[in-house]
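A.B. asks: Take a look at this one; I'll ask things after.
Chains as they are written, first to last, in this note's numbering: chain A, 23 to 111; chain B, 23 to 111; chain C, 23 to 111; chain D, 23 to 111; chain E, 23 to 111; chain F, 23 to 111.
If you want it as structure tokens, here you go:
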């Protein structure tokens, strides 16, 4: 049976495409992907708030969160060909 | 002799292909790959439940799980050419 | 509702483009991206100062910060085609 | 003198090629590569059993092992061109 | 205001180019990049010495440092097309 | 002055090229690169032996070492075009 902890809520398509207009928008999509994935792994609101409280002033965990954003951003940057063609316009 | 802990149950082909229609489906395949790999490394149901209990409200471990999803997703995104051609249709 | 902790201040576009003239400038953009992302995840000034105090003399955390810079730099280096064409000029 | 801890037993060529027929076979090769590499780093059977006992019910270490599989799988997936041409047949 | 901890000393351009003649030189550039980045994050000489003392006999931190070198080396290897053309000469 | 801790002994060119005949040889080169890099970071023989004793029966550290090998192997695999052309011969 599908492990309910890891089920991504299909109705909430937070990532219809990896294409964005600018690097900054790509960065925000990366942040959304990290949040939504943690949300799919742990769907309980209270636990998510407790987890947030745990990492929000912890240097190691804040850097962990930043690393997750960096890993997703790399995928998005390649998908958008590094927004190079945006330069020529 | 094949180390039984790491044997992947051949009958359960959870990954016949890396190709998916949308980024979100690619994300769900990535989550399945993480779950199934941990399942291949540790096949005992009780231990898996205990492990789940251990990480489900731990900020560092939740971010760890999210990182595994991000690493698998990168492979799937490249395999699907970032669903770019889906854009033009 | 948008998770306010992860909201990136849209007005502060610290990354209009990934293109830089030299590897060193690419390195400084990578450092800015890490700082701004941690800033987006944790916007409270006092907490950021406390976090800074925590990691600034901790070997493991300093290496963590250096790793984040290395991951962002890799993306920027590819975006700039490794500044190869800068060689020929 | 060759550091014996890191010597890979040349006779046991567990990786004659990176090419596999299916993603699942690629996944199993990745798992074998992780096992054999740890085996090359630590060749003592008793220690390997003790290490197995240590990680087999530890969430952080199980995720670590899954990450190693994910990193090797990425290399194998690229080597097999993501089994794309297998799709057309 | 520019976060002074992360300011890279512009005058000290330790990385005018990513191109090197041999893999070994690429490896040494990677090591320099790691050192200089940690130096940009933490510019205080005494703290740097204390940090050095902390990691120089710690297995986990030494491997951390080796990982940072490996990540930078990957970028440099691609930039130099893996020194393949050096083979043909 | 060159930071002596990170100086790689130029005379010992353990990596004249990234090209190897087989994946297994590529794996052994990756293991050598990890050993030599840790050796460059920490050149004191006694400390290296103490560090070896520390990680040789520690699950987390053994997996760390295996990860370093996996990261280097990825670079070598790409350099050798995944030994694909070796298949056709």
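Even for Gly, the Cβ is constructed at its ideal location relative to N, Cα and C.
Here the structure is a predicted model, which is why all the values come from computation and not from measurement.
Can you name the start and end residues of the alpha helix (DSSP H) that residue 37(F) belongs to?
C.D. replies: No alpha helix (DSSP H) holds residue 37(F); DSSP gives it neither H nor E.
A.B. asks: Please name the residue in 44(C), 43(C) and 55(C) whose C-alpha comes closest to that of residue 37(C).
C.D. replies: 55(C)
A.B. asks: How about residue 103(F) and residue 42(F): are their beta carbons less than 8 Å apart?
C.D. replies: no
A.B. asks: Leaving aside the five residues before and after residue 61(E) along the sequence, list all residues of the same chain whose C-beta is less than 6 Å from its C-beta, in chain order.
C.D. replies: none
A.B. asks: Determine the contact status of residue 46(A) and residue 45(B), defining contact as a CB-CB distance below 8 Å.
C.D. replies: For residue 46(A) and residue 45(B), no; Cβs fall outside 8 Å.
A.B. asks: Taking Cβ-Cβ distances shorter than 7 Å, what residues in chain D pair up with residue 81(B)?
C.D. replies: Per Cβ cutoff of 7 Å: no residues; residue 81(B) is ~12 Å from chain D at best.
A.B. asks: With 8 Å set as the bound, which would you pick, yes or no: does the beta-carbon of residue 87(B) sit closer than that to a beta-carbon of chain A?
C.D. replies: yes
A.B. asks: Does the beta-carbon distance from residue 73(E) to residue 84(C) come in below 8 Å?
C.D. replies: Pairing residue 73(E) with residue 84(C) gives a Cβ-Cβ distance under 8 Å.
A.B. asks: Do residue 96(A) and residue 59(C) have their C-beta atoms within less than 8 Å of each other?
C.D. replies: no
A.B. asks: I want to check one thing, is the minimum distance from the CB of residue 77(E) to the heavy atoms of the ligand SAM below 7 Å?
C.D. replies: Inclusion of the ligand SAM in the displayed structure is not the case, the ligand content being empty and no account of it being possible.
A.B. asks: Look at residue 81(D) and residue 77(B) and say whether their C-beta atoms are less than 8 Å apart.
C.D. replies: yes
A.B. asks: Taking residue 78(C) as the query, report the chain E residues whose CB atoms sit under 9 Å from its CB, ordered along the chain.
C.D. replies: 27, 63, 64, 66 and 69
A.B. asks: Would you mind giving the Cβ-Cβ distance between residue 99(C) and residue 48(C), rounded to the nearest angstrom? I have them listed as a contact below 8 Å.
C.D. replies: 6 Å
A.B. asks: So, does the CB of residue 35(F) fall closer than 8 Å to a CB anywhere in chain E?
C.D. replies: yes
A.B. asks: In three-state terms, what does DSSP make of residue 103(F)?
C.D. replies: Residue 103(F): helix per DSSP, three-state reduction.
A.B. asks: Short check: CB of residue 69(C) to CB of residue 34(A), under 8 Å?
C.D. replies: Against a cut-off of 8 Å, the Cβ pair of residue 34(A) and residue 69(C) comes out as no contact.
A.B. asks: CA-CA distance, residue 108(C) and residue 63(E)?
C.D. replies: 27 Å
A.B. asks: Could you give the DSSP three-state label for residue 54(C): helix, strand or coil?
C.D. replies: helix
A.B. asks: Which parts of the stretch 79 to 103 of chain C are runs of the alpha helix (DSSP H), unbroken and 4 residues or longer, counting only runs that do not cross its ends?
C.D. replies: 81 to 101
A.B. asks: Anything in chain B within Cβ reach of residue 94(A), meaning under 7 Å, just list it in chain order.
C.D. replies: Those are 92, listed as they occur along chain B.
A.B. asks: How far does the alpha helix (DSSP H) with residue 68(D) in it reach, from first residue to last?
C.D. replies: Taken as a continuous stretch (DSSP letters only), the alpha helix (DSSP H) holding residue 68(D) covers 67 to 77.
A.B. asks: Who are the Cβ neighbours of residue 105(C) in its own chain at under 7 Å, not counting the five residues just before and after it?
C.D. replies: 44 and 45
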